[in-house]
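Protein chains in written order, with the working numbering: chain X, -9 to 426; chain E, -9 to 426. Ideal Cβ positions, reconstructed from N, Cα and C, are used throughout, including at glycine.
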């Protein structure tokens, strides 16, 4: 046994898993196209300075950071947003808004490995930049719903919150930014008692504490009712009232678009990343307690990267987590069932003919492997059976003299001499029987 | 202007470039399917030990190597083969041969950046493992030809050599492995005089020097003639004679398969990597002096990684280099020309309707962006024109009352009121005029 292993937390995808990954990737690319998002491919290795600039401590301390051979401090990207922000602040600086940008690829964080969490993980990432309007937020919700539908996930819920509601209260109560972020992080972890305690210690008013207490209890899938109650609860906090109005406008647009997304509003919902400023989103399925995607609005971020002020909203979907969700919900991959064929020559002198016939089949869009192990026919067919190959094409001298081959249906265990000119038709004509 | 930059040698792909990359990637995946190669996805981060084990010094010293937060010595993969070898020696250890494995992804080497050479670069990689037969080598050549045809590259040549011919001579002359590898590296760089000098200093016979001298001059596209001359030239070197026979068998199979590949045999051709044992291959186009792909047979490698003895042959294709080759030869991307549409509401109250209509179009497989900037119609249409959008769907109150919208052909500058039920048909019906 080899002593070489993969690195802890890093994962191999074998062919069936890779197929599922690429299926989801293809669907995200299709959705990107339908919504007008252009794909960009940015490097895995970025400057440490860029990646650390706006990362919260939790992310920053878990980056794969190192010096390259030119003594540059670099790191493996832990998220896509800094790279996208870099492009918006540089290459795209003078291009007219809006930008609809899409990326898909691997990200790296030194987290403790567990179910659905690896140190190398894959995401698709959508960002709509340049608009501060509620229709932009609504689009991100619709797009997420389209993606979930496209991969076949039906039972899922979109958890919705609005960072502006909480931030509005803290601003008016004059909590400093650090305390605000700490409180938000505690709320993200649902440690509400500790959060309230911290707010209290920071000198907030009694009204503030009561308001927060009420907000934390407001959640559920009757989103308009809850949003209305949120509005009543934050009365007197001007920015929070505006935030609830923004939230309401987004919810109304999603509803009017007739998007069938199952939303769950949670007034006490906060997300760890410090850069959110408006709506925040997370995708859940009942069978998993980790989010399979998340995002929100971040209107200040691009400026912080040195770009022009550019309001933005975005969402990332975890590809392995969608894979896991599909497994949990027994969602089949909707891939084309294709016939596959093994071509076997009956003797060494016919190997060239076998290769030629294989190529004819491939030209007709049939997947073919040629016997390359020098095995006897019976052995080769045994192997083909084991690997669920549909047909064997046996290339023998006698048949070749009549421009024919022996076509063996490996499922039915029948074989017939077939003219080479009719071979493709015979193979492609019969519908594939799945699951027998 | 932002001070954040991408890291030297690392590259961004903007939407048009990303489209070309993904087109090539999709074609390699299609070829993999047609030839029965299963995709595997292995991590970018592997143990340094694994990646350094069989890498030549040139690669080893240019790896992105570092300690992770758990003090493990790791590196970013500079090639795919060690990861594939790791899987064959572990996860796949007990699976019956042959393995046909395919990967595509990014690799990392700290090389001096230049045209077609980046520090992060993309390859597709095909490996056929378990067979030492010439039909396996022929398959790799046919597959490469299929890929070149699939992306649309017609003018290309496959440079072919055979490491076994040279190694056979050095073995019989009792050159040690280190000297052999050094000579091969000099030959790889076409520094033939230095190579011969080194062979001479190592105490080789006069016959050996004469044989090498003659071999180095044998090259061209009449591959059978040249192979025959190679056979005559190496007479007396038993292993070399066998190597020429192997080469001849491969060439014969490729010819019999009627594969139209343009091959160029070069008896003095060597490749830098030390692990090759048989045929070696490189893909060139006349417009570029760097190879756009390369590979060969490596029968000893899997054992060296602790796996069972597994003969293997493989090839890697540089995705950016294929992109560059397509540009140089003006090969167009064969992508589906799709209509795209911008949906614009005439007033704020109709934003929800606009979102709904956008979704109807997407459900009919039309790419749609919705106006999200709150611009006046004229401004939005100006932007749509600039970005070569085909149609605008203007959602106005008067038309909506009649279940209709205003459909504007942005190319023809014509607009008509169209029933919503007929909208998709109107948009998809007219063939897209390209290049006007």
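For residue i, the first and last residue of its enclosing beta strand (DSSP E)
i: residue 114 of chain X; result: 110 to 119
i: residue 149 of chain E; result: 147 to 152
i: residue 89 of chain X; result: 89 to 98
i: residue 287 of chain E; result: 283 to 287
i: residue 301 of chain E; result: Run containing residue 301 of chain E: none; DSSP gives neither H nor E here.
i: residue 357 of chain E; result: 357 to 360
i: residue 381 of chain E; result: 381 to 385
Helix, strand or coil at residue i [DSSP, three-state]
i: residue 56 of chain X; result: strand
i: residue 413 of chain X; result: helix
i: residue 256 of chain X; result: strand
i: residue 198 of chain X; result: helix
i: residue 419 of chain E; result: helix
i: residue 374 of chain E; result: helix
i: residue 245 of chain E; result: helix
i: residue 275 of chain X; result: coil
i: residue 402 of chain X; result: coil
i: residue 19 of chain E; result: helix
i: residue 369 of chain X; result: helix
i: residue 171 of chain X; result: helix
i: residue 250 of chain E; result: coil
i: residue 38 of chain E; result: helix
i: residue 3 of chain E; result: strand
i: residue 408 of chain E; result: strand
i: residue 29 of chain X; result: strand
Backbone CA spacing between residue i and residue j [nearest angstrom]
i: residue 1 of chain E; j: residue 275 of chain E; result: 23 Å
i: residue 93 of chain E; j: residue 372 of chain E; result: 44 Å
i: residue 197 of chain X; j: residue 147 of chain X; result: 32 Å
i: residue 221 of chain X; j: residue 160 of chain X; result: 16 Å
i: residue 360 of chain E; j: residue 181 of chain X; result: 39 Å
i: residue 16 of chain E; j: residue 19 of chain X; result: 12 Å
i: residue 350 of chain E; j: residue 218 of chain X; result: 30 Å
i: residue 289 of chain E; j: residue 267 of chain E; result: 6 Å
i: residue 320 of chain X; j: residue 139 of chain X; result: 14 Å
i: residue 189 of chain E; j: residue 325 of chain E; result: 53 Å
i: residue 341 of chain X; j: residue 211 of chain E; result: 23 Å
i: residue 318 of chain X; j: residue 143 of chain X; result: 10 Å
i: residue 168 of chain E; j: residue 162 of chain E; result: 15 Å
i: residue 31 of chain X; j: residue 285 of chain E; result: 26 Å
8 Å Cβ shell around residue i - same chain, five flanking residues per side excluded
i: residue 347 of chain X; result: 333, 383, 385, 395, 410, 413
i: residue 292 of chain E; result: 75, 78, 79, 119, 298, 299, 300, 302
i: residue 389 of chain X; result: 395, 396, 407
i: residue 11 of chain E; result: 3, 112, 309, 310, 313
i: residue 354 of chain E; result: 414, 418
Cβ-based neighbour list, residue i, same chain, cut-off 6 Å, excluding 5 preceding and 5 following
i: residue 375 of chain X; result: 400
i: residue 209 of chain E; result: 256
i: residue 70 of chain E; result: 93, 115
i: residue 249 of chain X; result: 132, 135
i: residue 252 of chain X; result: 147
i: residue 254 of chain X; result: 147, 149, 211
Neighbourhood of residue i by C-beta, 7 Å cutoff - its chain only, sequence neighbours within 5 removed
i: residue 98 of chain E; result: 54, 66, 67, 68, 109, 110
i: residue -1 of chain X; result: 103, 108, 109
i: residue 345 of chain X; result: 360
Opening and closing residue of the alpha helix (DSSP H) in which residue i lies
i: residue 76 of chain E; result: 71 to 79
i: residue 342 of chain X; result: 341 to 353
i: residue 221 of chain X; result: 213 to 223
i: residue 124 of chain E; result: 124 to 141
Proximal residues of chain E, C-beta to C-beta of residue i below 9 Å
i: residue 349 of chain X; result: 132, 136, 247, 248, 249
Proximal chain E residues relative to residue i, where beta-carbon distance stays under 8 Å
i: residue 99 of chain X; result: Simply none; closest approach about 10 Å.
Contact list for residue i against chain X, beta-carbon separation under 8 Å
i: residue 352 of chain E; result: 24, 25, 136
i: residue 330 of chain E; result: 26
i: residue 58 of chain E; result: -3, 54, 100
Residue i: contacting residues in chain E (beta-carbon distance under 7 Å)
i: residue 268 of chain X; result: Result: empty, since nearest Cβ-Cβ is about 14 Å, beyond 7 Å.
Proximal residues of chain X, C-beta to C-beta of residue i below 7 Å
i: residue 68 of chain E; result: Chain X residues near residue 68 of chain E: none, gap ~13 Å exceeds 7 Å.
i: residue 174 of chain E; result: None at all; the shortest Cβ gap to chain X is about 26 Å.
i: residue 90 of chain E; result: 359
Where residue i meets chain X, residues with beta-carbon distance less than 9 Å
i: residue -5 of chain E; result: 37, 40, 76, 80
Under 8 Å by beta carbon: chain A residues contacting residue i
i: residue 129 of chain X; result: In summary, chain A is missing from the structure at hand, where the protein chains are X and E.
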